[in-house]
Amino acid sequence: DGGITQSPKYLFRKEGQNVTLSCEQNLNHDAMYWYRQDPGQGLRLIYYSQIVNDFQKGDIAEGYSVSREKKESFPLTVTSAQKNPTAFYLCASSLSSGGTTDTQYFGPGTRLTVL
Amino acid sequence: AQSVSQHNHHVILSEAASLELGCNYSYGGTVNLFWYVQYPGQHLQLLLKYFSGDPLVKGIKGFEAEFIKSKFSFNLRKPSVQWSDTAEYFCAVNPNNAGNMLTFGGGTRLMVKP
């Protein structure tokens, strides 16, 4: 079954703790993305990666970090520096990021709640 | 900075009514345009996309969208909605010089009453 998996589906964290969200894809896509979804604001890009061992900041990278050690994996860490981390986080991938005609495919998302 | 506006945040329709969801963007150059849909409890998925050619684009499940360059708009339409169309709809824009980066609108939540 090809696709993007994100785990866990729901995550709770205490203030001041870092937490890592998992994203795995078996589509053999080069590019991967992390978005944050808040009600009424659509999706906003946090980080993206075009190839292994390379990633770029998106529009709202402050308080987040990523790594891309393997093609199929792009974990996102929400650090304690992120002022408003409670949100729905979506991971996506596309065949490449250089070609503008590549569709992005999305995972099921992780809902993070900070208590 | 470019932006994408979806003016209708919530829309409620009865089954068989016609649907039009507005999408306007603020980028002056060549763009690629997308509509994504998020059904309750499901992944965000692509409804349709426009890259070039015929400005009237047909997508899945009977949806279509029309690109009007002079109005910077890419409105989504469906002649007759069904209860199963209840979902949140997102318009997204990709400028041709921005790699594969997407800018999303705020979304429109559609509820179709049976």
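Protein sequences appear in the order of chains A and B. If you count the first sequence from 1, you need to add 63 to reach the working numbering. If you count the second sequence from 1, you need to add 1162 to reach the working numbering. Ideal Cβ positions, reconstructed from N, Cα and C, are used throughout, including at glycine. What you are looking at is a predicted structure, and each value in this text was computed from that prediction instead of being measured.
- When rounded, the separation of the alpha-carbon atoms in Tyr1189 of chain B and Ser1235 of chain B is 11 Å.
- Looking at the backbone, the Cα of Asn1256 of chain B and that of Pro1276 of chain B are separated by about 35 Å.
- Residue pairing by DSSP puts His1172 of chain B in a beta bridge opposite B:Arg1271.
- Here the alpha carbons of Gln1168 of chain B and Ala144 of chain A stand approximately 31 Å from one another.
- With a beta-carbon spacing of about 5 Å, Tyr111 of chain A and Tyr96 of chain A fall inside the 8 Å limit used to define contacts.
- Cβ atoms of Glu1177 of chain B and Gln1244 of chain B come within 8 Å of each other, at about 6 Å.
- Spanning the alpha carbons of Tyr152 of chain A and Leu178 of chain A requires a straight line of approximately 17 Å.
- Within a 10 Å sphere around the beta-carbon of Ser157 of chain A sit 16 or more other beta-carbons, which makes this residue buried.
- Think of a sphere of 7 Å around the beta carbon of Pro71 of chain A: no beta carbon from chain B falls inside it, the nearest being about 16 Å out.
- Leaving aside the five residues that flank Lys72 of chain A on each side, the residues in its chain whose CB is nearer than 8 Å to its CB run, in chain order, Pro171, Gly172, Thr173 and Arg174.
- The beta carbon of Lys1240 of chain B sits closer than 6 Å to the beta carbons of Leu1181, Gly1224 and Phe1225 from its chain, once the five residues preceding and following it are set aside; these are given in chain order.
- Gly170 of chain A sits in coil when the DSSP states are folded into three classes, being neither helix nor strand.
- Note that the C-beta distance between Met1273 of chain B and Ile1174 of chain B is below 8 Å.
- The beta strand (DSSP E) runs of length 3 or more contained entirely in the stretch 90-118 of chain A are, from start to end of the chain, 94-101 and 105-112.
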